[in-house]
Structure formats: C-alpha cells, structure tokens
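> Under our numbering, the final residue of the sequence shown carries the number 1093; numbering is consecutive throughout. Using N, Cα and C, we set each Cβ at its ideal position, and we do this for glycine too. Because the structure is a prediction, the values reported are computed rather than measured.
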Amino acid sequence: MSGNSFAYSEQAGGGEATELGQEATSTVSPSGAFGLFSSDLKKNEDLKQMLESNKDSAKLDAMKRIVGMIAKGKNASELFPAVVKNVASKNIEIKKLVYVYLVRYAEEQQDLALLSISTFQRALKDPNQLIRASALRVLSSIRVPIIVPIMMLAIKEASADLSPYVRKNAAHAIQKLYSLDPEQKEMLIEVIEKLLKDKSTLVAGSVVMAFEEVCPDRIDLIHKNYRKLCNLLVDVEEWGQVVIIHMLTRYARTQFVSPWKEDDGLEDNEKNFYESDDEQKEKTDQKKKPYAMDPDHRLLIRNTKPLLQSRNAAVVMAVAQLYWHISPKSEVGIISKSLVRLLHSNREVQYIVLQNIATMSIQRKGMFEPYLKSFYVRSTDPTMIKILKLEILTNLANEANISTLLREFQTYVKSQDKQFAAATIQTIGRCATNISEVTDTCLSGLVCLLSNRDEIVVAESVVVIKKLLQMQPAQHGEIIKHMAKLLDSITVPVARASILWLIGENCERVPKIAPDVLRKMAKSFTNEDDLVKLQILNLGAKLYLTNSKQTKLLTQYILNLGKYDQNYDIRDRTRFIRQLIVPNEKSGALSKYAKKIFLAQKPAPLLESPFKDRDHFQLGTLSHTLNTKAIGYLELSNWPEVAPDPSVRNVEVIELAKEWTPAGKAKKENPAKKFYSDSEEEEDSSDSSSDSESESGSASGEQDEEGDSSEDSSEDSSSEHRSDSESVSEVGDKGTAKRNSKSKGKSDSEDEEKENEKSKTSDSSSTDSSSAEESSSDSESESESESESESKKVTMEKEKKAKQDRNLTKDVSLLDLDDFNPVSTPVVLPTPALSPSLIADLEGLNLSTSSSVISVNTPVFVPVKTHVLLHRMSGRGLAAHYFFPRQPCIFGDKMVSIQITLNNTTDRKIENIHIEGKKLPMGMQMHVFNPIESLEPEGSITVSMGIDFCDSTQTASFQLCTKDDCFNVNIQPPIGELLLPVAMSEKDFKKEQGMLTGMNETSTVIIAAPQNFTPSMILQKVVNVANVGVVPSGQDNIYRFAAKTVHSGSLMLVTVELKEGSTAQLIINTERTVIGSVLLRELKPVLSQG
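(1) According to DSSP, is N915 part of a helix, a strand, or is it coil?
(2) Between V217, V322, A85, D201, which lies nearest to K188 when the distance is taken from Cα to Cα?
(3) Name the one or two DSSP bridge partners that G432 has.
(4) In angstroms with no decimal places, state the Cα-to-Cα distance between F614 and I365.
(5) Report yes if the CB atom of I355 is closer than 8 Å to the CB atom of T628, and no otherwise.
(6) Let me check understanding here. Comparing Cα to Cα, which of I901, T908, R911 lies closest to H930?
(7) What's the C-alpha gap between N455 and L1054?
(8) Using 8 Å as the cut-off, can you tell me whether the region 85-102 makes contact with the region 129-139, which would need three or more C-beta pairs spanning the two stretches below that distance?
(9) Using DSSP with H/G/I as helix, E/B as strand and the rest coil, what is F412?
(10) Opposite F970 in the DSSP bridges: which residues?
(11) If we ignore side chains and look at the alpha-carbon of each, how far apart do S313 and W327 end up?
(12) Examine the Cβ distances between the region 51-70 and the region 83-93 and report whether three or more of them are shorter than 8 Å.
(13) Output needed for A91: all residues of its chain with C-beta closer than 7 Å, excluding positions within five of it in sequence on either side, in chain order.
(14) Closest by CA to K1087, which one among Q1068, M250, E1074?
(15) Mapping DSSP to helix, strand and coil, what is P984?
(16) So, do the region 377-391 and the region 937-947 have three or more beta carbon pairs nearer to each other than 8 Å?
(17) Give me, in chain order, the residues of the same chain whose beta-carbon lies closer than 7 Å to that of N907; leave out the 5 immediate sequence neighbours on both sides.
(18) Helix, strand or coil: how does DSSP classify L881 here?
(19) Please report the distance separating the alpha-carbon of A426 from that of M154.
(20) Out of curiosity, what's the CA-to-CA distance linking R574 and D568?
(21) Look up F1044 in the DSSP assignment and say whether it is helix, strand or coil.
(22) When DSSP builds the beta bridges, which residues end up paired with H930?
(23) I need the boundaries of the beta strand (DSSP E) containing H485, first residue and last residue.
(24) Provide the residue span of the beta strand (DSSP E) that contains S900, from first to last.
(25) Relative to the alpha-carbon of V513, which residue among T494, T549, T529 has its alpha-carbon at the smallest distance?
(26) For the alpha helix (DSSP H) containing Q582, name the first residue and the last one.
(27) Evaluate F2 with the Cβ neighbour count: other Cβ atoms within 10 Å of its Cβ, from every protein chain shown; 16 or more gives buried, anything less gives exposed.
(28) Identify which residue in T1017, N398, T414, R253 has its Cα closest to the Cα of K1062.
(29) Once the 5 residues before and after E919 are set aside, which same chain residues still bring their CB inside 8 Å of it?
(30) Looking at L521 and R576, is the spacing between their C-beta atoms short of 8 Å?
(31) Judging by CA-CA distance, which residue of H917, P924, C953 is the nearest neighbour of E936?
(32) Nearest-angstrom Cα distance between M474 and A517?
(33) Could you give the residue range of the beta strand (DSSP E) that holds N1072?
(34) Do W504 and Q538 have their C-beta atoms within less than 8 Å of each other?
(35) Return yes when the Cβ of P984 is within less than 8 Å of the Cβ of V863, no when it is not.
(36) On the three-state DSSP scale, how would you describe F371?
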C-alpha cells in the first residue's frame, strides 16, 4: 500500500510522498495560499483516476488505499460515486473491498447507493459465499424504508443459504431491518425460528442476538433448541457465547425452580418414615418435584463450566453471572478463581470485574476470602481500581483478618493519591463500625491522623471520627477537645462543619470549650463557607439553650449577621432559629420544645457499601455497572414456584436419530439396558422423562455433557468421547493411586446403598444418600453408552469383564461429578488398622512393603497444662478452660480432641450453656458439645468437642453462650497438638526420611549445657512440646521421634543428633514444610534452655 502512494505522489503537486494519498505537501505548490486546496483536490483526483482505470491492479490498489483511509478514521465519503461504479467488477478482490466501503457509507449516501440496488440483488446469487454475504450486508446498511420488501426477501433467501457464513449475515441483517421497520416483526420471527434450528456453531450466536433484539419475550422459540444450544455452546465463537449465556440465564430463571431450596426439600422427605410404601412414594414425589434439579438445568451448568477457562474476559464474566444467578449456592464458589484471574487483564476489564466481585462479596464473603491478597492495592493501579479494591477488602474484613487489613490501610493513607487516601480513611471508619472489636483501635488511629500535614487526610479523618463518635459519644470527651483545637488550622469546609456539629451535640460535655469556639467563629462568620455558617448558627442555638449566660449576646450577634447574609438558606435558617429560641409574643407553641428539637438524640449514621443495592441488577450488565436501569435491559424474573412442563424441550426421537446418531444406533440401545441389574433399571426409570428422551436418543449430546464435566469440551463425535473416557479410566487405574482409592471407597458405599434399595422400596433417605443416588444415576447414563459394544457378546466371562470395566468408568465419572458437588459428604477414612497403608499409598510406596511401616501409637506423655478459654470476669461468672488430651477424636478421624472444663463461680444457676456463631476459616470444621441445661453455683463440668484445624494453627472463633449472654472466644492449637504419635522401626524411619529430603527437610543447631542432653531430658522436652512417638535407635547419640498430622496424615519425623561438645542438630522431615518449620522454632528454645 505504501509503495503505491510513492508512485502517485508526484501528481499531488508536492515533492514528497504522502501516506495513502491523503496529506500532500503544500510547501512546494506555486499557487500560494490556494495550494492547500488544490493539492486536496488533486489528491482525491489521483484516487478517482485509479478507480476509472482499465487495469484491475490500479483499481485494487486504489481500493486498498481507500479502505486504509477508513481504517484510520479519515473521511472518504466524496469518493462514493467513483467507488460505486466498480460494484459490478468481475474481480472478486475488488468487489469485496467495494462492499466493505459501501457498508461504511451506504447510510450517508443513500440515493447513490439505491442506483446500484439491482447489482446487489444479482450479487445475492453469486457463487462466492463472501460476495453473497457482503451484498446482504450492504443491502441491509441502506436504511431507506422503500427497499424494506427487497431486504425482507433477501433475508428469507439468505436464511436458507447452504453457506453458514451467509446465514450468519442473514441473522445480523434481521436486527438492522427490525430497527428500520418494526412492523416486520412477525415475518422476522419466522426467520429467527428457522435459523434457531440451525446446527452450525457459526450461526448460533448471531441468531440468538437477533432473538434478543427482536423478540426476547418469545421463550417458546427456545424450548426445542435449548439442549442443542447448551451442547453447541463450547464451540460457538466467543461473542456468540456471551449472548447465548445471557439468554439462557434468563431462560433458566423462567423454566426451572430455585436450586436454593434443594436442601429444604430433602430435609422434609425424612419425616415420612412410618407411612406405607405407596403413600410415602406419592408424598415424596410431590415434595421432591419442586426441589429436585431438572436434568436440563444441570446440563446448562455443566456445559458452561469449561468456559470459565476462556481467554475472553466477557465469556468468563458471563459464565460467572450465570453461576451466580442460577446454580446451587454450594457450586457458586467455583467462579471465584476465574474472576480473580481476570484481575491480571487491562484496567477496563479490572474495573468491571471488581464491580461484580464487590456486589458478590457483600452476600458471600467466603467465596473470595482465600484470594484476599489479590485485592491488595498496587501503586500502578488507577484511582478507580484502587477504590474498588478498597470496597472489596472492606466487605471481606472480619475478626480474623482485620489486623492484617488495618496494617495495609495504614500504608494506603500515606499515598500521594489524595482521593484514594480519603477513601481509605472512610474504609477504616466502615471497618470500625462493622467489627466492634477494633472500633477503639480505629478511632485512636484516626485521631493520630489529625496531626497529619496533609489537609485532605485531616479533613476526611474528622468527618469519619464524627460518625464514629455518634455511636458512643459519652466516652470520648478528650477527642472532641482535641478536634476543637484543630479549628484554627483546618480550612476544608466539610471538616470545619463536622467539628462544629460535634461540639454543638456535646456542648454540655465540654462547657468551657464550646462558648470559646463560638466566639472564634463569630469573628470569622462572614468569611466562612455556607456549610460552615449553617453549623455556626446551629452551635449558637444549642449554646443559647444550654448556656445562655455566656452565649446570649454572641448568639444574637451571629443571628444578626445571618439575617443579612447573601445566601437565602442562611437567611431562612436565621429567621427560623430566632423565632424558635428567642421567645416573644409572636412565637408559637414550638418555642417551648426548642431544646428537645435542637438537642434530640440523633441516630448514628449507617455506613453501608455503595454496592449493597446493586444485586437486583443482573451481574455483568451495563445497568449493574451504572446502578441504574439502562435502555434495553431485560430484568431477571423470579424463580417459578412450580416448574413449567419440561416435556416442551423434548425433540422427536426420529429427528435426533437422524441428526445425531449413526443409522441403526438407536435400536441397539434398548437390549443394552438389560445388561444391568434390576436395581439400576429402577434408578434409571426414576429420572425425569425429559432427561431420558433427550439424553438417551442423542449419543453425542449425552457424551458432550459428561465430556464437559471432565473439562474436555472440544470434541464432538461420540467415538472420540468414548475413546477419551476410556483413556481417562486407564490413567485413573495406573497413574493416580490417591484418586483411585478415594473413588473406590465412594463407589463401594454406593453399591451398598443400591442393595438396600433393592430390598426396600421406601424412598425415605438422608440428604447424603439422595445426593449419592443422583450422582450414581448420572454416571450410569454415561457408562451405558460406553459399554454398548461389549453388550453384544453373550458369554459369561465377557459379561463379568464388562461389569468390571463399568465399575472403573463409574469411579472416573464420579470423580468428574465431584466438580459439581463440592460440598458432598467426605469419604470415610479407614480404621487405624488400615490407615498405615493409606498413608504409604499417598506417599507413593508399594502397599506390600509399607503395610507394617506405620501404626498409630498411644501418647507417650499428656501435658496437664490448661488454656483459658473464658475468664470469669469476662464471662460474668462463667469460667472456661480447655486442654488437649492427645486422644483420637471420637467425632471424626481428622479432628483434634479438646476437653473444655466449665466452672460456675457465681451464686446463681447458669442455664443453657451452648456454642453458636461459629466463624471458622475455609475448610475448618467443628463438632460442638451438646447444650448444658444448667450448671449449679460453684459447679463444674467437663465436655468434649472436636475441631478439624486442617493442619494449621489458625484460630477457631466461636461464641460460648448462656441463656442471657454470648461471649466471643477462640481456640488456637499449639503446633504439637496437631500430631498423632506413630510407632515404627528404625529401618522404616530411615527409609521414610530418605524420601523426605531437600525442600521437605529443615534443620537447626542447638547449643546447651551437656546435662540438658541426657536421654530422659531430651525425651521429656520433645514430648512435652509435641505429641510424637519414640522410635527405637541403635545409636546412643541419635534420638528419633515420629508422628503424623491429624488432618492429612502426613509423616512428621524428628531427629535430635548430639554432636561434640555442647551442640546438637535438630532435623525435621515432613511434606508439610510450614508445620515442620513452626515445630522447629518451638522445639529449639525448649531444647536449648536448662
């Protein structure tokens, strides 16, 4: 392109080449003042001559330069007549570029474009699909009502075109025609209905966009195409995915019942145990119907999950809003990681994502707590991003992380970005109101900021302190005095007004300072801002009512100044106050109540998040971003109480057999079902009819769903999916022993449930077993399709092998389905007799050699040290102490056993002692003791509880409550109590130690007196700190101890090796390096001291 511009620059009258024939130089032009205009004319003449040339190469060159001008945003409209002449060119390349030009300028030059309408109509029959599509685009860009019938006819023909690209452009043209002539709506809906049945992924996104634009309320058009759209979703282009996901979100909210009521329905089902089988079955069916998740609902959630890994931020955001609005609450957490990943994008994407996270974090803090550090502010962030991150940090703040956040906020206050520093101070104020434990800390920190050199920081601090003091004014007289002194230096009107308001409200608590402040303000009244003047008037009125001796004349002087002020608000306020506080014969009954009016108790301000009320807008929409309803916004409807008929989504089986399965395939599926046991057939029949009709008829559709659940969503054909799932099962058998052992345990428990179902037809079951049935029925539908080929063989041996294969594939599918049931019941761990092999298996050892390596032993020593849980002064007479008995917990294998002793030190009975308000970090679990009805005066009782600390020393916070009070308490375990002692031989110890070297090994040198290194002293000190077992040693200078972590079962190997002189080396080997390093730090000082 640039080469051609050099060739024709000489004609422009300048001596220099101009890029794309646009900016010819006028410096060499002999025509003086008119050189600029003449060169412009010559410049376009140059292109016109090229367009009228007989050579296609010149025309092509000119068109490239013209399209280049358009791309740079330059105006090329005056070339329209010359370009439109070439619309009938036989050269395809020229024709394509002419169409690109015409699409841009056809709306501006409608009359000239109409002259070529017959050419466009002929081009609609062109053998080249690109020309046909371009002609339709140009035709729909000519916005003249007279050609609406021609456009309508062209769209109808293009919608039946063999090329999916042309059909896609027909869908785009529908929207243009509808905006030109809305009366064509009914005919356009017919075309949309036809295009919705299209199987091409190229067309799907465009036709759904047309549907959303023309007839978004016609949900009936989507019914038959719902499952097809779900299955095609992964292969649709990215912007099409966004449109389809938003449409399907609205569809799901109208067609399915709320998944958030699922738990309630399952709990109700437990109550019908003693009824007859028939009655119970009827009732449970009725109750389950509103709450059981529709298979089509699950299909949508499952098929959108892989898109969370999309490279397009809009697609990820669309899937996130879909999960937020239609998935069960237990599955929403999966989107948090994907949204945090988007925070590495450009600032515009960050802004939208952070706005949505801010809305989510108000309702569900737990989703984003693990990613707290991702929301820390960077120095390179723009102000809008910084303020949004502050908002999210405030929403995520709790007792556990507030100390970390306050340290972070202290740094932010020093920022050079004043708007951000002011927002940080507001954030500190909100944290102080939300978390009562840190209110005083925040208040004292804000008071320190009052001495800051930056006026904006001081002003914002004053405003926030004023709000905090409103909540507890009686306790902070000193702060008010300190703020009164700042009036001389602060100039920001809002801050001055806040200080005056505070002094006025608390004038009786500072009787000496308030009149003096009024005196100073009277001097500067005329120079103050209007906001400050109003507060001076209020302060004068309040002091007149409480201390009239000192302030009567001052107040009258201020009222006289206000009477003649330029601002009418101040004049009105002055007249109002004068009539109210200065009694005379004209003043009415109100003056009697002046003191009550001015000094009434004001409610404390409610510091709320600005994102609190945004959740009624659909996430990811423009309306949510602007916090106001935008034009074209479609509101999400409420969930229906009763689900509409799911059969409307069923498509004829014959159609599906033709479209999706090879010939004769559907007939072979019926005999294959007899291959399974009766109990499995019962479970299959219990699925809804819509699921069986849609999934069993369509092999590839069914396997697309299951393929998506394993995040392998790019393959379409059934044979590819089958080979893929078989390879997954092989990997599950050979590679991952850990996953295999877990899935075996799960499948075994499900087999037992199936046998019970065979003997008992009763439907009353627990929540856990019903969820297990759902997942097993899903996996059976997958395994049926995968074992069709083996069902043809009739020998008993082949049948046995097929059943074994089926069990293996079930394990794999159950593991895949775990992705969609993150809160399913944990797999029950084996008994201690089997736990050694499990731990060894986890560490990659052979079962045969490691079965006798590790066995849990009894504790060597149980320390009697107790820890204070609740002091009797804090607990109003109720005292609580706890200690760790170092016994296996009866409430769960992964829990640490804790014994709590409760003492009643009062002379009255304490009733209903119980635990509530648990605030546990992610993953941590607690089994509380049963409520204690009463504790007699001077009485004492010991109770047991269990906490799964997840192998960390994080604090478990909860409330210890009585009938009248609740007390915030917390338990933080010493690192040594997170272990269980292990018995093992020296040989096994060395073998395990050899496998835990490098990063898994930490060591330190200990220096102590020789008398501290006797065997008994070393043993006593180590077992006092940590619950470890002693390993026999054949060397006098080496002492070995072994344990395993309670939660994960990871080995913890401790070695104390005595060196020459008074030194020893302490070595700890473990996979859990954090626990190992903490234990090392605790053991070192204990072993060093005498």
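On the basis of the supplied data:
(1) Residue state, collapsed to three classes: strand.
(2) The residue among V217, V322, A85, D201 with its C-alpha nearest the C-alpha of K188 is V217.
(3) Looking at the DSSP assignment, G432 forms no beta bridge with any residue, so it has no partner.
(4) 8 Å
(5) Yes. Within cutoff.
(6) Ranking I901, T908, R911 by Cα distance to H930 puts I901 first.
(7) Near 53 Å, if we compare the C-alpha coordinates of L1054 and N455.
(8) yes
(9) helix
(10) When DSSP reads this structure, F970 sits in a beta bridge with L963.
(11) 18 Å
(12) yes
(13) T122
(14) Comparing Cα positions, the closest option is Q1068.
(15) strand
(16) no
(17) G880, L881, I913, L938, E939, P940, E941, G942
(18) When DSSP states are grouped into helix, strand and coil, L881 belongs to the strand group.
(19) 55 Å
(20) 6 Å
(21) strand
(22) Answer is G949, bridged to H930.
(23) H485 -> not in any beta strand (DSSP E); alpha helix (DSSP H) instead, spanning 480-488.
(24) Boundaries of the beta strand (DSSP E) around S900: 899-907.
(25) T549
(26) In the DSSP annotation of this structure, the continuous segment of the alpha helix (DSSP H) that includes Q582 starts and ends at 571-584.
(27) Outside the displayed range of the chain (4 to 1093) lies residue 2, so it cannot be described from this structure.
(28) T1017
(29) F961, Q962, C964, C969
(30) no
(31) E936 has its Cα closest to that of H917, out of H917, P924, C953.
(32) 21 Å
(33) 1066-1073
(34) yes
(35) yes
(36) In the three-state reduction of the DSSP assignment, F371 falls in the coil class.
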